[in-house]
Amino acid sequence: MISIKSKREIELMRATSRLAASTLEYIEQFIKPGVSTEELNQICHDYIVKNGAYPSPLNYHGFPKSVCTSLNEVICHGIPNKKDVLKDGDILNIDVTTYLNKFHGDTNKTFFVGNVSEEAKKLVDVTYQCMMAGIEQVKPGGHIGDIGAVIEEIAHSHGYTVVEDYCGHGIGREFHEDPQVVHVGKRGTGAVMKPGMTFTIEPMINLGVKHCKVLKDGWTVITKDKKLSAQFEHTILVTDDGYEILTLREEEKK
Ligand code: MF3
Ligand code: CO
Ligand code: CO
269 MISIKSKREI
279 ELMRATSRLA
289 ASTLEYIEQF
299 IKPGVSTEEL
309 NQICHDYIVK
319 NGAYPSPLNY
329 HGFPKSVCTS
339 LNEVICHGIP
349 NKKDVLKDGD
359 ILNIDVTTYL
369 NKFHGDTNKT
379 FFVGNVSEEA
389 KKLVDVTYQC
399 MMAGIEQVKP
409 GGHIGDIGAV
419 IEEIAHSHGY
429 TVVEDYCGHG
439 IGREFHEDPQ
449 VVHVGKRGTG
459 AVMKPGMTFT
469 IEPMINLGVK
479 HCKVLKDGWT
489 VITKDKKLSA
499 QFEHTILVTD
509 DGYEILTLRE
519 EEKK
């Protein structure tokens, strides 16, 4: 069942989502060669807690840290640790989810560490375009399948593949709610969007094959061919005439 948020619930979704977005902005200055993903986790954790919220990933189904840090061939759900020290040329996704006033807000971004290759830059750039094109499909009466259709089309036009094993999701009082938002598919299929729905769009785009492998830690998802993967994520509200991106900072909202 897809929940429809009331006006008051939407206000609370805005607040938690805004905090998730400002956490991502805050962490950017610390992303440099020599820093470990463990340190980045701690900085995000402290920032979220200082702002009166709880980091949703921490202890979620046993996840041991406060954010996900996914480096290079890691598709998603990377676990921050001391051994992963950033080096020049890496791409790093940080996925932040905050729990504030009983609501979750979820956003992620792939960052460049120092100077990255043209190949990596283009993958990250196209992945961002995929997310934004997916977001632009959101409107009442539209279908969830419209989102995946455009994402798949753009990714394939550049010779990239789209991860199918993980998808976007409804979000609100629960971290993961209905509907599932797959990042491939056909126009006009899937649930019909209605004002008050809130869900994420978070395409994972690979340079090589779309297939995934989960490491022995039970969380870290990598590409089967160990080629690069990038991701971006926003939490979106279906409005009366289109969409609102909830995971923007105050300054980014017009
Ligand atoms: N934030 C991720 C998402 O976009 C989920 C992370 S679950 C965790 O859905 F347990 F790995 F944190
Ligand atoms: Co998400
Ligand atoms: Co996320």
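In this note's numbering, each residue's number is its place in the sequence shown (first place is 1) plus 268.
No residue lacks a Cβ here, since even glycine has one placed at the ideal position from N, Cα and C.
Of the other Cβ atoms in all chains shown, 16 or more fall within 10 Å of the Cβ of Thr488; this residue is therefore buried. Sequence-distant partners of Cys398 (beyond 5 residues in either direction) whose C-beta falls short of 7 Å from its own C-beta, in its chain, are Ile419, Ile422, Ala423, Pro471, Ile473. If you check the C-beta of Ser285 against ligand 1, you find no heavy atom less than 8 Å away.
Rounded to the nearest whole angstrom, the C-alpha separation of Ile272 and Leu280 is 13 Å.
The straight-line gap separating the alpha-carbon atoms of Lys350 and Asp485 is approximately 15 Å. Proximity to Gly410 across Asn369, Val381, His372, Met461 peaks at Met461, based on C-alpha coordinates. The residue from Leu287, Lys390, Leu391 with its alpha-carbon nearest to that of Val317 is Leu287.
For Asp493, there is no enclosing beta strand (DSSP E), as DSSP gives it neither H nor E. Burial state of Glu387 is exposed, judged by a 10 Å Cβ sphere holding fewer than 16 other Cβ atoms. By the CB criterion at 9 Å, Asn340 and Ile362 fall outside the cutoff. Val342 places its beta carbon 9 Å or farther from that of Thr365. By the CB criterion at 9 Å, Ile270 and Met465 fall inside the cutoff.
Within the same chain, Leu308, Ile311, Cys312, Ile362 come within 7 Å of Ile295 by CB-CB distance, once the 5 residues on both sides are set aside. Collapsing the DSSP output to three states places Asn361 in a strand. Ser338 counts as buried, since no fewer than 16 other beta carbons sit within 10 angstroms of its beta carbon. For Asp374, the enclosing beta strand (DSSP E) begins and ends at 371-380.
In this structure, His437 has its CB closer than 8 Å to one or more heavy atoms of ligand 2. Per the C-alpha coordinates, the member of Lys407, Asn369, Asn383, Ser425 positioned closest to Val394 is Ser425. In this structure, the alpha-carbon of Val449 lies about 8 Å from that of Phe467. A straight line joining the alpha-carbon of Gly302 with that of Asp509 spans about 46 Å.
Here Arg517 is actually not in contact with Ser324; their C-beta atoms are around 19 Å apart, not less than 8 Å. For the pair Ser285 and Thr515, the CB atoms are nearer than the 9 Å cut-off.
According to the DSSP secondary-structure assignment, Ser338 is paired through a beta bridge with Asn361.
In this structure, the C-beta of Thr365 approaches ligand 2 to less than 8 Å from one of its heavy atoms. Within the same chain, Lys370, Phe371 come within 7 Å of Arg441 by CB-CB distance, once the 5 residues on both sides are set aside.
Ile299 is not a Cβ neighbour of Val353, given a cutoff of 9 Å.
By the criterion of a C-beta distance shorter than 6 Å, Glu512 is surrounded in its chain by Leu505, once the five residues flanking it on both sides are discounted.
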